[in-house]
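S.K.: Starting off with a structure, shown below.
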Amino acid sequence: MAEAPPNMPPPPAPMPGPATQRQIKKRKSLTYAEKLEVVKQIDGGKSKRAVALTYGINESTIRGIYKMKES
17 MAEAPPNMPP
27 PPAPMPGPAT
37 QRQIKKRKSL
47 TYAEKLEVVK
57 QIDGGKSKRA
67 VALTYGINES
77 TIRGIYKMKE
87 S
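76 is the number that our numbering gives to position 60 of the sequence shown; each next residue is one higher, with no gaps.
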């Protein structure tokens, strides 16, 4: 096997192994009361990002809940 020229960077680190080695996040569903509280907090001036951190869920989920508040 030929050696790489001396000015070449080292090869990249290998990707993580199977899912058993990575942290798998559990699904979290909010109750209707929690969703209502999410909407109230955002209407009260709290940022969607702050609400997402409070509930431990993704900000896009919070945006989806807020978008559907009229339904």
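Glycine is no exception: its CB is placed at the ideal position from the N, C-alpha and C atoms. Treat the numbers as computed from the prediction; the structure is a model and nothing was measured.
Among residues of its own chain, excluding the 5 on either side of A68, which ones have a beta-carbon nearer than 6 Å to its beta-carbon?
M.R.: E75 and I78
S.K.: According to the Cβ coordinates, are L46 and Y71 closer than 8 Å?
M.R.: Yes, the pair counts as a contact, with Cβ atoms nearer than the cut-off.
S.K.: Since K64 and I73 are thought to touch, with beta carbons under 8 Å apart, how far apart are those beta carbons, to the nearest angstrom?
M.R.: Incorrect: roughly 11 Å between the Cβ atoms, too far for contact.
S.K.: G61: which of P28, E86 and Y82 sits nearest, CA to CA?
M.R.: Y82
S.K.: Among N23, R43 and E86, which has the Cα closest to the Cα of K142?
M.R.: Residue 142 lies beyond the range of the chain shown here (17 to 87); nothing can be said about it.
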